[in-house]
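Before any comments, here is the structure.
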Amino acid sequence: MDTTAPTPNWLVSLLVIFSLAAIAVFGLYIFRHTQRASLDEQHEMLKAQLVPMREAAAHVEDRIPPLEKNILNRRALLAPLDTFEGTNRADVDRALTTNGATLKTNEGLQDKAMSAFADAMKEAPERRQELGREEERSYTTERDNDDRRRQLREDVEKQSQTIEVQKKKWRGEKAVLDDRIDELEGRVRQLTNQLDTSNREFKIDGNILASEAADGFVVIGLGFAEHLRSGTKFAVFNRRAGKIVVKGQILVTEVREHVSTARVLSEADRNDPLVKGDHLHNPVYDPEHIRSFAVRGDFKRFSRTEITRFIQESGGTVDNDLAVNVDFLVAGSNAPADLDQATKLGMSILSEDQLLEFLRFDARPSTSTWAFILASCKEGKRFGFAGNFTAVNESTARKAIERNGGKTSSGVSKDYVALIVGEGAESEMAEARKLGIPVIDQAQFARIVEPE
């Protein structure tokens, strides 16, 4: 006979309540911890953006004094031209004054001649010969006066022509200076105006036709007929309550005429998977036009090779020549000639940070992922590798794991703490997802792995 006393119902109820309370407190703790980690990551990102913005502001302030100096030099050149024009006007006034005095003198001579003529008429018989000589002398004087007047007119015309030549020269120099000022002002606008990429709207480049997100791939309604190529990345988003919700990221692996297969690189929320009808966005991809970039100068955060890879992963092309068919110039430091050429061609200019924002490429190392990898390595956990590695050398990735105490193997096993995948690893990704093993893409691993 069982003599054990049954557990009271009130005690059972109390234990259930305490268990639920403990679960709720633990869930709240996990939520607060995750929220704080996200805020710390955002804080680091804002700190990283503050430094280049301050450097850009200092660079713009350094450009202002030279421009003001050029304006003062132009004004200094205009002052002598104004003085020269005033001098020419004074010379013309002086010549006119002299001509007036000469005319008055001639008038006096004519009066004297008339008086002499009257006297000669009184003494006509005796003065005819003298009158003839006087008339000849008067004629000669008048002719000389005419020659003088003609010479004065020629001098006035020459002075007027000289003034016109100087005016034309001054107008030409003024036009050159005005063009230079316009060019410098355009350069100031180019250096001070920032390309607004942060508020760019997501455009719908395509849609998901079928989804097997749990197995790690989706089918999209774009193909080589729409200029799509393998290796292009898309952000997956949808609109809810008037807001854009980014759900994840995919990478095109197989392209057909009007449909393609893409690998799921990331999902923002496992409870909100990628489904049929979700929209696709790529800032560079255009079904009617492939955007072209030129990369010039030296960069602080990434090399030219890395920036070229970022552009190509987004579906764009990189041209070696800076020509009219190039849409954007990605300009670093030490590239003044390329900046001038791009400005003349009317090309849009992007800095390193603006390019990353334009492509919406998260180039910051994922501290949480790297912390997870380091913690697992310290515990001696094993990582799986699968696929063809193109963004990072597989040997380098394995050494990074092993150097920190971790172990590496090929394929998928339930004992693995994570699976690091390259190209062509769709089946391994699907198996890892079924086993609940985290999947780390090679591109993400390439950005977080510490160099040897």
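So the numbering used here is basically just the index in the sequence shown, starting at one, shifted up by 3. Ideal Cβ positions, reconstructed from N, Cα and C, are used throughout, including at glycine.
Check                                                                                                                  : Outcome
Host alpha helix (DSSP H) of residue 225 (start-end)                                                                   : Taken as a continuous stretch (DSSP letters only), residue 225 belongs to no alpha helix (DSSP H), as it is neither H nor E.
In chain order, each beta strand (DSSP E) run of at least 3 residues that lies wholly inside the region 386 to 415     : 410 to 413
Residues bridged to residue 444 (per DSSP)                                                                             : 424
Interface flag, residue 179 vs chain D, CB-CB below 8 Å                                                                : Of the protein chains in this structure there is only one, and it is not chain D.
Completely contained beta strand (DSSP E) runs for the region 272 to 304, where each covers 3 or more residues         : 282 to 284, 295 to 299
Three-state secondary structure (DSSP) of residue 244                                                                  : coil
Buried versus exposed, by CB contacts within 10 Å (16 or more), residue 436                                            : buried
Status (buried if at least 16 other CB within 10 Å, exposed otherwise) for residue 255                                 : buried
7 Å Cβ shell around residue 258 - same chain, five flanking residues per side excluded                                 : 226, 227, 231, 232, 233
When 243, 262, 206 are compared against residue 223, the one with the closest alpha-carbon                             : 262
Where the alpha helix (DSSP H) through residue 433 begins and ends                                                     : 429 to 438
The alpha helix (DSSP H) enclosing residue 314, as first and last residue numbers                                      : 307 to 316
CB of residue 335 within 8 Å of CB of residue 294, strictly                                                            : no
For residue 253: DSSP bridge partner residues                                                                          : 237, 267
Any non-hydrogen atom of the ligand ADP closer than 7 Å to residue 354 Cβ                                              : For the structure depicted, the ligand ADP is absent and the ligand set is empty, with no information on it obtainable.
Helix, strand or coil at residue 231 according to DSSP, with G and I counted as helix                                  : coil
Nearest residue (CA-CA) to residue 313, options 323, 355, 278                                                          : 355
Extent of the continuous alpha helix (DSSP H) run through residue 345                                                  : 339 to 347
Assumed close pair residue 442, residue 422 - CB separation to whole angstroms, cut-off 8 Å                            : 5 Å
Three-state class that DSSP yields for residue 333 in the structure shown                                              : strand
CB of residue 247 within 8 Å of CB of residue 267, strictly                                                            : no
Nearest neighbour of residue 438, chosen from 445, 430, 271 [CA to CA]                                                 : 430
For residue 147 and residue 154, the rounded distance between their alpha carbons                                      : 10 Å
Residue 251 vs residue 433 beta-carbon contact at 8 Å                                                                  : no
Of the listed residues 116, 390, 275, nearest to residue 414 (C-alpha basis)                                           : 390
Nearest residue (CA-CA) to residue 112, options 50, 143, 45                                                            : 143
Exposure label - residue 202; buried when at least 16 CB within 10 Å                                                   : Its pLDDT being 39, under 50, residue 202 is placed unreliably in this model, and the value from its coordinates should be taken loosely. Residue 202 should be labelled exposed.
Spatial neighbours of residue 235 in its chain, beta-carbon cut-off 8 Å, leaving aside the 5 residues before and after : 254, 255, 285, 288, 316, 317, 318
Three-state class that DSSP yields for residue 10 in the structure shown                                               : coil
Residue burial classification, residue 444 (beta-carbon count within 10 angstroms, cutoff 16)                          : buried
Segment contact flag, the region 323 to 331 with the region 340 to 353, C-beta cutoff 8 Å, min 3 pairs                 : yes
Residue 55 versus residue 333: straight-line alpha-carbon distance, rounded                                            : 16 Å
Per-residue burial, residue 341 [other beta carbons within 10 Å of its own, 16 or more giving buried]                  : buried
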